[in-house]
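Participant:
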Amino acid sequence: DFDILLTSLDSRGIRESHLRLMLQKIEKSFKENVRKNTQYAKIGSIGEGSIKIEANEKFPMPERHSGSDSPSSTLHDLNSGTSETSSSFKIELWESENEKKAALRRYQDFQKWMWKECYNSSILCAMKFGHVSVK
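Using the UniProt record's numbering, read the sequence shown as starting at 1 and increasing by one per residue.
1. With Ser8 as the anchor, note down where its alpha helix (DSSP H) starts and where it stops.
2. According to DSSP, is Ser29 helix, strand or coil?
3. Suppose the cutoff is 8 angstroms on Cβ atoms and the five residues either side in sequence are ignored; what does the same chain contact list for Arg20 look like?
4. Report the three-state DSSP secondary structure of Ser96 (helix, strand or coil).
5. In three-state DSSP terms, what is Ser11?
6. Note down the Cα distance separating Glu97 from Asp109, rounded to an integer number of angstroms.
7. Between the C-alpha atoms of Asp3 and Lys28, what's the straight-line distance to the nearest angstrom?
Right, here's the structure in full:
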């Protein structure tokens with residue numbers, strides 16, 4: 001539920017604070033779209049003509065940051081032409097094979113880190129061979 005997500009975010013952290021602000025800004029249109037999609041799902045399938053961008057909605061547009069690993073995205077207002085930068089997330093569009101390979105390397109490094117930090121291999125091995133009980 002959208003409201004539960006909003007209340008669970010801790011606004012003291014920078015990323016959480018930005019995410020919370022962005023979610024609050026899109027709350028009304030998000031809930032309206034969920035309501036519409038629920039109605040369409042009950043009827044059957046959603047037709048091509050039912051998806052549209054409202055003139056006053058904001059939507060994420062990727063920014064090009066050469067060599068920057070810091071996450072960022074910009075919300076553009078279709079009416080005013082202004083934009084707001086958020087450091088909560090980054091949307092990447094790869095234009096070359098090198099960018100795709102770099103993204104894959106980052107993903108693989110992240111995956112290795114997750115396994116190393118989140119799973120103790122000795123405990124996993126013991127569980128695999130039945131030497132540790134899990135409660």
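In this text, a Cβ means the ideal position worked out from N, Cα and C, and glycines have one as well.
Facilitator: Per the coordinate set shown:
1. Note, Ser8: alpha helix (DSSP H), 2-8.
2. helix
3. Leu6, Leu9, Ser11
4. coil
5. Here Ser11 sits in coil by DSSP.
6. 18 angstroms
7. Annotation: Asp3 to Lys28 spans about 11 angstroms, alpha carbon to alpha carbon.
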